[in-house]
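First the structure, in the form of structure tokens, and then the observations on it.
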Amino acid sequence: MAVRVSAGSRIHIALADMGFASPRAFGGIGFMLDKIAADVELRCAPVVSLERASNLDEPCQSELTALLETLAEAGKRPAQAIIHSHAIQHIGLGTKTALKLAVISAYHHLFELPGGRAEQQILSGRGGASGIGIHGFFQGGVLWDAGRPAEEIDHLLPSGARPATSTPVLMLRLRFPTSWKVGLCLPKAELSHGPEEQRFFEENSPIAPGDALETMALLYHGILPAFRLENLKLLASSLASISCKGFKRLEIERCGENVVELLGDLHAKGYAAGMSSMGPLVYVIFAASDTRAAAELRSLCAAHNAHWLGCHSGLNRGARASRDEFA
């Protein structure tokens, strides 16, 4: 018997309050893509094992193995996990969150265990700072999470450095417009994860409260209305502005001139473009009817020595699970 779970990638537009400017810390807006982030199969097995995971870095392999052992101990039944596919790690697609939730979801389906979405989210240990990935895994779409009470936060650290004991509050979910497409560009840049990412947060937050408030204004009165009204012009101007503000500006500058110059060129041409999470992945949202956009974006990527990862649609559903009784 086996269960296979497939989950999409997430794009994180920006963290909202990285300056303790409001009653809630963190928070932010993001959306899900139909690009696979995790395709995981779990099978009944005599012992816990993780297979076909050699392309994942060692910390991720260790965390997934530990997660399988935790599940086996709690459920009294071991399982073998097979990683059929996953998105590139540490570029801004939410790969680790998707992999961990896929393993947990598949285990619950495989052994028909009780336990709802919130329990699975907490078990993943993800969502310490951003709730986009852990909410998007289950329902897709465009998501706004309101972070955590500021009074509970001593230090503004990334999700990987802050094991979650509860989930960030999901305030709103919108459907990603079917009339839009998303192009993905990967510039050459130094990746940031683990201790390096934590150090960046420690050295660059909290930001000035005024900068945090500007970011929040652009998120809530620019980007959210742009998605709701399917207004690409508003989205383009809001993303260009937020790329020059507060913590998102620092994230982009950390990635270096390749990302800065590519985004600058995209914004100058009027594209709705931003950098996902800590980057260096750059996303570009454009009208599906614009037959010239994809070709122009590929050319821009080549001109900036960036890798073109293709065009994708927004994903307006959660992860899918399929069961094979005869495996």
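Read left to right, the sequence shown gives residues 1 to 327 (UniProt numbering).
Even for Gly, the Cβ is constructed at its ideal location relative to N, Cα and C.
DSSP beta-bridge partners of residue i
{"i": "P149", "result": "R24"}
{"i": "G183", "result": "V284, C311"}
{"i": "V5", "result": "V40, A321"}
{"i": "D17", "result": "F26"}
{"i": "R10", "result": "M32"}
{"i": "M275", "result": "V282"}
{"i": "I82", "result": "E41, E51"}
{"i": "R173", "result": "L143"}
Own chain partners of residue i with C-beta closer than 6 Å, once the 5 adjacent residues on each side are dropped
{"i": "R317", "result": "G140"}
{"i": "G133", "result": "R10, G94, T97"}
{"i": "C301", "result": "C185, W308"}
{"i": "L315", "result": "G8, M32, L33, D34, G140"}
{"i": "L172", "result": "W144"}
{"i": "N204", "result": "L250"}
{"i": "H90", "result": "L191, H193"}
{"i": "G136", "result": "R10, M32, L143"}
Other residues of its chain near residue i: CB distance less than 7 Å, five sequence neighbours each side excluded
{"i": "P206", "result": "M18, G19, F20, L156"}
{"i": "S238", "result": "L218, G222, I223, A226"}
{"i": "R249", "result": "S243"}
{"i": "A240", "result": "H267"}
{"i": "G131", "result": "D145, T167, P168, L170"}
{"i": "E152", "result": "none"}
Residue i versus residue j - alpha carbon distance
{"i": "E63", "j": "L42", "result": "16 Å"}
{"i": "A319", "j": "K96", "result": "14 Å"}
{"i": "P163", "j": "G8", "result": "22 Å"}
{"i": "G183", "j": "E73", "result": "42 Å"}
{"i": "F326", "j": "Q80", "result": "15 Å"}
{"i": "S6", "j": "A37", "result": "8 Å"}
{"i": "S124", "j": "K100", "result": "6 Å"}
{"i": "A146", "j": "F26", "result": "7 Å"}
{"i": "G127", "j": "A14", "result": "14 Å"}
{"i": "S49", "j": "F200", "result": "34 Å"}
{"i": "S166", "j": "L67", "result": "18 Å"}
{"i": "A295", "j": "C311", "result": "10 Å"}
{"i": "A117", "j": "S299", "result": "Position check: residue 117 holds Arg in this sequence, whereas Ala was assumed. Rounded to whole angstroms, R117 to S299 spans 42 Å at the Cα level."}
{"i": "E230", "j": "F176", "result": "9 Å"}
{"i": "R77", "j": "A53", "result": "21 Å"}
{"i": "S192", "j": "L213", "result": "26 Å"}
{"i": "M1", "j": "P195", "result": "39 Å"}
{"i": "Q61", "j": "N55", "result": "9 Å"}
Neighbourhood of residue i by C-beta distance below 8 Å, restricted to the same chain and skipping five residues each side
{"i": "V282", "result": "L184, C185, L186, P187, V259, L262, L263, L266, A273, G274, M275, S276, A306"}
Cβ pair residue i, residue j closer than 8 Å
{"i": "S179", "j": "A288", "result": "yes"}
{"i": "V169", "j": "F31", "result": "no"}
{"i": "E106", "j": "V40", "result": "The sequence shown places Ala at residue 106, rather than the Glu named in the question. Contact: yes."}
{"i": "L71", "j": "I122", "result": "no"}
{"i": "A129", "j": "P158", "result": "yes"}
{"i": "G210", "j": "I252", "result": "no"}
{"i": "I82", "j": "E51", "result": "yes"}
{"i": "I285", "j": "W144", "result": "no"}
{"i": "R228", "j": "V3", "result": "no"}
{"i": "P46", "j": "P149", "result": "no"}
{"i": "H12", "j": "A321", "result": "no"}
{"i": "G160", "j": "E202", "result": "no"}
{"i": "S313", "j": "K181", "result": "yes"}
May I ask you to verify whether the region 234-241 touches the region 270-279, counting CB pairs closer than 8 Å and requiring at least 3?
yes
Assess, as a yes-or-no matter, whether the region 201-221 is touched by the region 255-269 under the definition of 3 or more beta carbon pairs within less than 8 Å.
no
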